[in-house]
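What follows is a single structure, written as structure tokens, with notes after it.
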Amino acid sequence: MKVVVIYRPKSEHARAVEDYLREFFRRTGHKIEAVDIDSKEGVQMAGLYDIMQHPAILAMSEDGKLVQCWIGEILPLIDDVMGYMS
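So in the numbering used here, spot 3 of the sequence shown is number 11, and the numbers just go up one at a time.
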């Protein structure tokens, strides 16, 4: 599984997302890939998975199929996301 967070680095939610990513790494030793929603990759990913709001945390299988998605400013528990990490 692959976990990615899509967010806008210069937004009101940026600090919360970046704090979450640091805490996730500190507690689990795993990094979540962060993608700027305004980048080419972010726009493509948001379109592919029909993401209309950010931040969004996506858990995807190795073949790119969306398995779980958390959308909005209330971020999921670290343990919930960790269950999708490989």
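Just so you know, even glycine gets a beta-carbon here, dropped at the ideal spot from N, CA and C.
- Message: Distance check for histidine 62 and glycine 80, CA to CA, integer angstroms please.
- Response: Here residue 80 refers to the residue found at position 72 of the sequence shown. Here residue 62 refers to the residue found at position 54 of the sequence shown. Roughly 6 Å separates the two Cα atoms.
- Item | Rounded distance between the beta-carbons of valine 11 and isoleucine 40, thought under 8 Å | Walking along the sequence shown from the start, residue 40 turns up at place 32. Walking along the sequence shown from the start, residue 11 turns up at place 3. The pair is a contact, with the Cβ atoms about 5 Å apart (cut-off 8 Å).
- Helix, strand or coil: which one does DSSP assign to glutamine 76? The residue labelled residue 76 in the question sits at position 68 within the sequence shown. The answer is strand: DSSP assigns glutamine 76 an E or B state.
- Residue from Ser69, Asp44, Asp71 and Glu70 whose Cα sits closest to the Cα of isoleucine 59: As a position in the sequence shown, residue 59 is number 51, starting the count at 1. The option with the nearest alpha carbon to isoleucine 59 is Asp44.
- Query: Taking the alpha helix (DSSP H) that leucine 29 falls in, what are its first and last residues?
  - Reply: The sequence position of residue 29 within the sequence shown is 21, counting from 1. Run containing leucine 29: 22 to 36, per the alpha helix (DSSP H) assignment.
- Query: What three-state label does DSSP hand glutamate 70 in the structure shown?
  - Reply: Taking the sequence shown and counting its residues from 1, one reaches residue 70 at position 62. When secondary structure is reduced to three states using DSSP, glutamate 70 falls in the coil class, being assigned neither helix nor strand.
- Since glutamate 41 sits in a beta bridge, which residues does DSSP pair it with? Taking the sequence shown and counting its residues from 1, one reaches residue 41 at position 33. For glutamate 41, which the question treats as bridged, DSSP gives the partners Val12.
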